[in-house]
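Residue numbers (the working numbering): 36 to 298.
Okay, so here's the structure we're looking at.
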């Protein structure tokens, strides 16, 4: 079994493939609108389990999600790649990057995450997050999806969204399968995610952290990773949607950086 995905050929076959991973409630179309700006690179746009055309693919946790990701990369013969992930997609990317050489992780060339958490250290915080996600999952299973999403996007992390942006997101997300979302939310709860901070600090490859300048929570997360976040102006948590031009420019600069610095 592999994840549903769309592959775009790049103009330069020698460049690593850009593998795009969306956030919770999204799908690969979240990123496909950016594809025209990165046509030099091969690109793979993936629907994560429980989302988009992978809605019927179950996942019991990060280990299984990572196996599905690896099988999907293998099926497209992707031997060298960057992972670019937002929120949940960023957490999947960070988990993948921390699996190390011993599991055959030799093709990863770099990691770019936007507004993603590396994991909770405190056990009480982990239990609180699991409990919160279970409550959201129960609501997804029992209440109209629009009602749940109306409340979801009122959370503090989304406070920078205006009414029009919030309404647009809700309209798009209502196309999801609520039962599949509930299962994925529980499986990949931040409370179930390993604390990856120590391993991320030791990564022997480029690791860049992006977030909106108004996203105070994830600016602090980047500081905790001892990284200087690349701030997207005039944006909050969903920076790539709120300021796609600035996000694209930042990403292009980062992707070209290793090439320019190679002797």
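We treat Cβ as the ideally placed atom computed from N, Cα and C, and that holds for glycine.
As the structure is a computational prediction, the values presented were derived from the model and not from experiment.
C-alpha gap between residue i and residue j, whole angstroms
i, j, result
"residue 281", "residue 292", "17 Å"
"residue 84", "residue 219", "7 Å"
"residue 279", "residue 142", "28 Å"
"residue 89", "residue 254", "31 Å"
"residue 37", "residue 157", "34 Å"
"residue 197", "residue 277", "10 Å"
"residue 180", "residue 187", "10 Å"
"residue 227", "residue 124", "15 Å"
"residue 240", "residue 118", "12 Å"
Residue j beta carbon less than 7 Å from that of residue i
i, j, result
"residue 150", "residue 272", "yes"
"residue 235", "residue 153", "yes"
"residue 101", "residue 130", "yes"
"residue 128", "residue 148", "yes"
"residue 116", "residue 54", "yes"
"residue 264", "residue 144", "no"
"residue 174", "residue 183", "yes"
"residue 299", "residue 62", "The requested residue 299 does not occur in the structure, where the chain is confined to residues 36 to 298."
Integer Cβ distance of residue i from residue j, believed to fall under 8 Å
i, j, result
"residue 192", "residue 232", "Not a contact, Cβ separation roughly 20 Å."
"residue 45", "residue 77", "4 Å"
"residue 168", "residue 248", "That pair is no contact at about 27 Å."
"residue 81", "residue 40", "5 Å"
Opposing strand residues paired with residue i [DSSP bridges]
i, result
"residue 242", "146"
"residue 41", "80"
"residue 117", "53, 145"
Notebook entry, point to check: Along the chain, which unbroken stretches of the alpha helix (DSSP H) at least 4 residues long are found entirely within the segment 45-72?
Noted result: 64-67
Check: What are the uninterrupted segments assigned as beta strand (DSSP E) that are 3 or more residues long and contained completely in the segment 195-228, given in chain order?
Finding: You should have found no qualifying run.
Check: Which whole runs of the alpha helix (DSSP H) in the segment 235-283 are 4 residues long or more, in chain order?
Finding: The segment 235-283 contains these whole alpha helix (DSSP H) runs: 251-259, 274-277.
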